[in-house]
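J.: Encoded as structure tokens, here's the structure I'll be asking about.
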């Protein structure tokens, strides 16, 4: 089964634009002017200890790892983004972004590309998005380039969304006000997310600000001998293998109180047997529940719980070879101090391998703690400093990688974010 190309995406978006805006009298600054184009880049210094990072082919839980267990200091350009957000009319807008990321293959690639339509303001309002995008799961990302807003590194749950859950989707929304209450319903059908679940199964959870692009591939750590004939040591999260559309749905509730609630459901409806180039289609589905609250004028709290299951391989008398339940949760507190903001976050995560553990053990348990400080230095420049510690137990490290199953990593990072 061949992965489906996505070369029709730019043509489809162009056709929708021409239909929606036949008169290029609307092509003012909102389409090609300076307010429609933005750029940002992140200059980052870090000191990280512990095992080899997962982006370098190890089991590490952070973007970077140590040097054979010793602390490694680095200075790098972490990412650079070019974002085009045209507004064709009051109702129709779009987004297209290119991203450079350190350790990404390819280094520069398409990040997101979609059109968005919204009806005029009214008690009931409708919306539509179509293109390559992330589903609305994360409470930590935002902006034109889908960046982490209050820290350098997102939670384990939202790190995985960034790594493996980009989709090619058509998404609709309905938003309705009932007095002081507001309800929003979102639903979508999607393709191009058939490999999602590979990282969770073979690597486990991680905490990083890596963002999957349309063509990138992710490295995998050393695999069990039993898995090596069936899985190459990389995954391409945006591939389409089985020609089956998945779906996601979300409900948001905002009461006349300083908090919001949301519940999200995702299922790629995969056949879990289609293959290409020694990569297999995973049937991945999960729930996510989130809450965000204002605790006074300068303090906020957020929490998410994400849980689900992923399957890969044919049915056998002993179960499906790849079968794992996964869970991740975090609690975040943020408080403003003058022009700066301090953010604290605690994470807990696990993967429970349900079958064939004797020959391919992918169980994992872990936790993480983070403190971050954010302060704008100028209109175009923001400073972030972050200290993070993560501890996890993964038997596969010792069984297949020859390192202790229990590992801990600590990372101190400083980021200068430039935005124009």
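Residue numbers (full-length UniProt numbering): 1 to 420.
Heads up, the beta-carbon is just placed ideally off N, CA and C, and yes, glycines get one too.
Since this is a predicted model, take the numbers as computed values, not measurements.
May I have the straight-line CA-CA distance separating residue 81 from residue 158, to the nearest angstrom?
T.: Reading the chain shown from its first residue, position 81 is the one you call residue 81. Reading the chain shown from its first residue, position 158 is the one you call residue 158. Residue 158 has its alpha-carbon roughly 20 Å from the corresponding atom of residue 81.
J.: So residue 163 is in the alpha helix (DSSP H); what residue range does that whole segment cover?
T.: The residue labelled residue 163 in the question sits at position 163 within the chain shown. 156-164 is the span of the alpha helix (DSSP H), which, as asked, contains residue 163.
J.: Distance check for residue 201 and residue 325, CA to CA, integer angstroms please.
T.: Residue numbering aside, residue 325 sits at position 325 when the chain shown is read from its first letter. Residue numbering aside, residue 201 sits at position 201 when the chain shown is read from its first letter. Approximately 9 Å, taken between the alpha carbons.
J.: Going by DSSP in three states, residue 396 sits in which element: helix, strand or coil?
T.: Numbered from 1 along the chain shown, position 396 holds the residue referred to as residue 396. In this structure, residue 396 counts as helix in the three-state DSSP scheme.
J.: Short of 6 Å in beta carbon distance, which residues of its chain neighbour residue 248, apart from the five on each side in sequence? Order them along the chain.
T.: On the chain shown, residue 248 is found 248 positions in, with the first residue counted as 1. Around residue 248: 135, 188, 266.
J.: State the start and end residues of the unbroken beta strand (DSSP E) segment that holds residue 115.
T.: Sequence index remark: in the chain shown, residue 115 carries index 115 (1-based). Run containing residue 115: 108-118, per the beta strand (DSSP E) assignment.
J.: Using three-state DSSP, classify residue 403 as helix, strand or coil.
T.: Here residue 403 is taken as the residue at index 403 of the chain shown, counted from 1. Coil, per DSSP.
J.: Closest by CA to residue 397, which one among 172, 361, 368?
T.: One-based indexing of the chain shown puts residue 397 at position 397. Here the closest residue by C-alpha is 361.
J.: With H, G and I counted as helix, E and B as strand and the rest as coil, what does DSSP make of residue 414?
T.: Here residue 414 refers to the residue found at position 414 when the chain shown is read from its first residue. Three-state DSSP puts residue 414 in a strand.
J.: Starting from residue 99 and walking both ways along the beta strand (DSSP E), at which residues does that stretch end?
T.: As a working mapping, residue 99 is identified with position 99 in the chain shown. Its beta strand (DSSP E) spans residues 92-101.
J.: Please tell me whether residue 281 and residue 242 are closer than 7 Å, where the distance is taken between their beta carbons.
T.: As a working note, residue 281 is residue 281 in the chain shown. As a working note, residue 242 is residue 242 in the chain shown. A contact, by the Cβ cut-off of 7 Å.
J.: What does DSSP give as the partner residues of residue 70 in its beta bridges?
T.: In the chain shown, the residue the question calls residue 70 occupies position 70. According to DSSP, residue 70 bridges with 67.
J.: Can you check whether the CB of residue 252 is closer than 7 Å to the CB of residue 447?
T.: Beyond the ends of the chain as shown, which are 1 and 420, falls residue 447; an answer cannot be given.
J.: Need the endpoints of the alpha helix (DSSP H) that residue 199 sits in, please.
T.: Stepping through the chain shown from its first residue, residue 199 is reached at position 199. Residue 199 -> alpha helix (DSSP H) spans 198-202.
J.: Start and end of the beta strand (DSSP E) containing residue 309?
T.: What you label residue 309 is simply residue 309 of the chain shown in a count that begins at 1. Unbroken beta strand (DSSP E) run through residue 309: 299-312.
J.: Using only the alpha-carbon positions, how far apart do residue 132 and residue 372 sit?
T.: Within the chain shown, numbered from 1, the residue matching residue 132 stands at position 132. Within the chain shown, numbered from 1, the residue matching residue 372 stands at position 372. Looking at the two C-alpha atoms, the distance is approximately 31 Å.
J.: Pull up the CB-CB distance for residue 152 and residue 138, whole angstroms please, since I reckon it's below 8 Å.
T.: Against the chain shown, residue 152 aligns to sequence position 152. Against the chain shown, residue 138 aligns to sequence position 138. About 15 Å separates the two Cβ atoms, so there is no contact after all.
J.: Alpha carbon to alpha carbon, what distance is there between residue 386 and residue 65?
T.: Residue 65 sits at position 65 when you count from the first residue of the chain shown. Residue 386 sits at position 386 when you count from the first residue of the chain shown. For residue 65 and residue 386, the distance between alpha carbons rounds to 16 Å.
J.: Could you give the residue range of the beta strand (DSSP E) that holds residue 376?
T.: Here the question's residue 376 lines up with position 376 in the chain shown. Per DSSP, residue 376 belongs to the beta strand (DSSP E) from 364-378.
J.: In whole angstroms, what separates the C-alpha of residue 119 from that of residue 85?
T.: If you number the chain shown from 1, residue 119 lands on position 119. If you number the chain shown from 1, residue 85 lands on position 85. Approximately 18 Å between the Cα atoms of the pair.
J.: Just verifying my parser: in three-state terms, what is the DSSP assignment at residue 56?
T.: Sequence index remark: in the chain shown, residue 56 carries index 56 (1-based). Residue 56 falls in the helix class under three-state DSSP.
J.: Since residue 347 is in the beta strand (DSSP E), which residue starts that stretch and which ends it?
T.: Numbered from its first residue, the chain shown carries residue 347 at position 347. Segment 340-353, the beta strand (DSSP E) holding residue 347.
J.: If you draw a straight line from the alpha carbon of residue 24 to that of residue 381, how long is it in whole angstroms?
T.: As a first step, residue 24 must be located in the chain shown, where it is residue number 24. As a first step, residue 381 must be located in the chain shown, where it is residue number 381. Residue placement at residue 24 is poorly supported in this model, since its pLDDT is 45, which falls under 50; the coordinates still yield a value, given next. Those two C-alpha atoms are separated by around 35 Å.
J.: Per the contact definition of three or more C-beta pairs closer than 8 Å, is the region 314-321 in contact with the region 286-299?
T.: Because the criterion of three Cβ pairs below 8 Å is not met, the region 286-299 and the region 314-321 do not touch.
J.: Taking the continuous beta strand (DSSP E) assigned at residue 217, which residues delimit it?
T.: Within the chain shown, residue 217 is the residue found at index 217, counting from 1. Element bounds for residue 217: n/a, residue is neither H nor E.
J.: Quick one: give me the first and last residue of the beta strand (DSSP E) that residue 422 is part of.
T.: Since the first and last residues shown for the chain are 1 and 420, residue 422 lies out of range.
J.: Could you round the C-beta distance between residue 129 and residue 114 to whole angstroms and report it? I think they count as a contact, below 8 Å.
T.: As a working mapping, residue 129 is identified with position 129 in the chain shown. As a working mapping, residue 114 is identified with position 114 in the chain shown. Rounded, the Cβ-Cβ distance is 5 Å, consistent with contact.
J.: Going by DSSP, what residues sit across from residue 175 in a beta bridge?
T.: To locate residue 175, count along the chain shown from 1; it is residue 175. DSSP output for residue 175 lists 125, 184 as bridge partner(s).
J.: Secondary structure at residue 144, three-state DSSP: helix, strand or coil?
T.: Within the chain shown, residue 144 is the residue found at index 144, counting from 1. Residue state, collapsed to three classes: coil.
J.: Please report the distance separating the alpha-carbon of residue 255 from that of residue 176.
T.: The sequence position of residue 255 within the chain shown is 255, counting from 1. The sequence position of residue 176 within the chain shown is 176, counting from 1. Approximately 12 Å between the Cα atoms of the pair.
J.: Under the rule that 16 or more other beta-carbon atoms within 10 Å means buried, what is residue 32, buried or exposed?
T.: By one-based count along the chain shown, residue 32 stands at place 32. Answer is exposed; the Cβ neighbour count stays below 16.
J.: From residue 226 to residue 354, what does the alpha carbon distance come to, in whole angstroms?
T.: The residue labelled residue 226 in the question sits at position 226 within the chain shown. The residue labelled residue 354 in the question sits at position 354 within the chain shown. So the two alpha carbons sit approximately 16 Å from each other.
J.: On the DSSP bridge assignment, give the partners of residue 40 in chain order.
T.: Residue numbering aside, residue 40 sits at position 40 when the chain shown is read from its first letter. According to the DSSP secondary-structure assignment, residue 40 is paired through a beta bridge with 81, 419.
J.: Looking only at its own chain, which residues have a Cβ that is under 7 Å from the Cβ of residue 68, when we skip the five neighbours before and after it?
T.: Against the chain shown, residue 68 aligns to sequence position 68. Correct list: empty, nothing qualifies.
J.: In whole angstroms, give me the CA-to-CA distance for residue 422 and residue 117.
T.: Limits of the chain in this structure are 1 at one end and 420 at the other, which puts residue 422 out of reach.
J.: Using DSSP's beta-bridge definition, name the partner residues of residue 262.
T.: By one-based count along the chain shown, residue 262 stands at place 262. As a beta-bridge residue in DSSP terms, residue 262 pairs with 252, 290.
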